[in-house]
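Chains as they are written, first to last, in our numbering: chain P, 22 to 126; chain A, 22 to 126. Heads up, the beta-carbon is just placed ideally off N, CA and C, and yes, glycines get one too. Since the structure is predicted, the reported quantities are computational estimates derived from the model, not experimental observations.
There are 2 protein chains.
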Amino acid sequence: MNTGNLFAALPRDLYEETFEHLAGRGEVLIERIVSTGQCTPVGDWYDQDGPEWVALLAGEARLGFDDGSTLTLRPGDYADIPAHCRHRVEWTAPDTETIWLAVHY
Amino acid sequence: MNTGNLFAALPRDLYEETFEHLAGRGEVLIERIVSTGQCTPVGDWYDQDGPEWVALLAGEARLGFDDGSTLTLRPGDYADIPAHCRHRVEWTAPDTETIWLAVHY
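Printed below as a string of structure tokens:
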């Protein structure tokens with residue numbers, strides 16, 4: 022059985038945002054994302070065919086949506102992002118690891 | 022967009038274990054479970070048609086499997102339980118809320 026800890030074994034190379042596959046099958050993907058100040062390049066958007074449920078477990082981040090609204094996420098905060106809801110990561114805390122749990126379903 | 026916080030709005034009635042649907046579609050279900058000392062009745066087993074990825078976010082718990090093995094979970098610990106892997110919750114901390122995030126997929 023695959024086991025682990027969401028707060029452990031953080032990637033050493035924090036220059037890049039890291040995406041780690043934890044579980045999934047078919048179109049379902051459960052992943053941990055670790056950010057350290059990265060954000061989505063200006064003008065780029067995530068526009069996904071399926072919904073994404075995302076929770077922030079550590080750190081802090083701000084999502085932006087193409088209607089101009091934003092959503093600040095602190096530990097424990099989650100959002101269920103519908104398919105084709107264009108969004109981007111506007112900001113992540115520069116001085117700590119921000120740990121996300123994302124479920125694409 | 023449905024948003025919330027995994028550590029907030031804990032159920033007031035903690036006599037029963039509570040299961041809250043957070044997101045999902047089709048066979049995918051993302052839920053928060055809050056336990057306060059409850060466990061699976063002796064002799065009962067979870068035996069599920071699909072896999073379940075479960076993470077413990079607060080508190081402490083111990084899972085038992087029908088090969089006699091156990092797995093203690095502390096905050097951040099996760100396990101990807103295969104379909105038809107018979108398991109039960111042997112113990113949850115009696116003096117605090119144990120918060121689980123479960124993804125049935």
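Contact under 7 Å by Cβ, residue i with residue j
| i | j | result |
| --- | --- | --- |
| Glu73 of chain P | Ile102 of chain P | yes |
| Glu111 of chain P | Gly85 of chain P | yes |
| Ile120 of chain A | Ala79 of chain A | yes |
| Ala123 of chain A | Gly71 of chain A | no |
Closest Cα partner of residue i within the set the options
| i | options | result |
| --- | --- | --- |
| Thr24 of chain A | A:Glu37, A:Arg33, A:Ala44 and A:Leu35 | A:Ala44 |
| Ile109 of chain P | P:Leu92, P:Asp98, P:Ile120 and P:Thr119 | With the sequence shown as reference, residue 109 of chain P is identified as Arg, and Ile is not the correct amino acid for it. Per the Cα distances, P:Leu92. |
| Arg33 of chain A | A:Tyr126, A:Ala123, A:His125 and A:Glu118 | A:Glu118 |
| Ile51 of chain A | P:Asp70, P:Ala76 and P:Met22 | P:Ala76 |
| Ala29 of chain P | A:Pro96, A:Ala114, A:Asp116 and A:Gly58 | A:Pro96 |
| Thr39 of chain P | P:Ser56, P:Asn26, P:Arg83 and P:Pro115 | P:Ser56 |
| Asn26 of chain P | P:Glu41, P:Trp66, P:Glu37 and P:Leu35 | P:Glu41 |
| Thr61 of chain P | P:Glu37, P:Leu31 and P:Met22 | P:Glu37 |
Residues sharing a beta bridge with residue i, DSSP
| i | result |
| --- | --- |
| Tyr126 of chain P | DSSP output for Tyr126 of chain P lists no bridge partner at all. |
| His128 of chain P | Because residue 128 of chain P is not part of the residues shown, which for chain P are 22 to 126, the question remains open. |
| Thr39 of chain A | A:Val55 |
| Arg46 of chain A | A:Val49 |
| Thr93 of chain A | A:Arg83 |
| Thr24 of chain A | P:Ala100 |
| Leu78 of chain A | Its beta-bridge partners do not exist; DSSP assigns none. |
| Glu73 of chain P | P:Ile102 and P:His125 |
Own chain residues within Cβ distance below 6 Å of residue i, not counting five before or after
| i | result |
| --- | --- |
| Asp87 of chain P | Arg107 |
| Pro115 of chain A | Gly58 |
| Tyr67 of chain P | His108 |
| Arg83 of chain P | Thr91, Thr93, Glu111 and Trp112 |
Supposed contact pair residue j and residue i - C-beta distance, whole angstroms, cut 8 Å
| i | j | result |
| --- | --- | --- |
| Tyr126 of chain A | Val49 of chain A | 5 Å |
| Gln69 of chain P | Thr113 of chain P | Gln69 of chain P to Thr113 of chain P, Cβ: 19 Å. No contact. |
Cβ-based neighbour list, residue i, same chain, cut-off 7 Å, excluding 5 preceding and 5 following
| i | result |
| --- | --- |
| Leu31 of chain A | Val55 and Glu118 |
| Arg46 of chain A | none |
| Val63 of chain A | none |
Neighbourhood of residue i by C-beta distance below 8 Å, restricted to the same chain and skipping five residues each side
| i | result |
| --- | --- |
| Asp65 of chain A | Arg109 |
| Leu35 of chain A | Val55, Thr57 and Glu118 |
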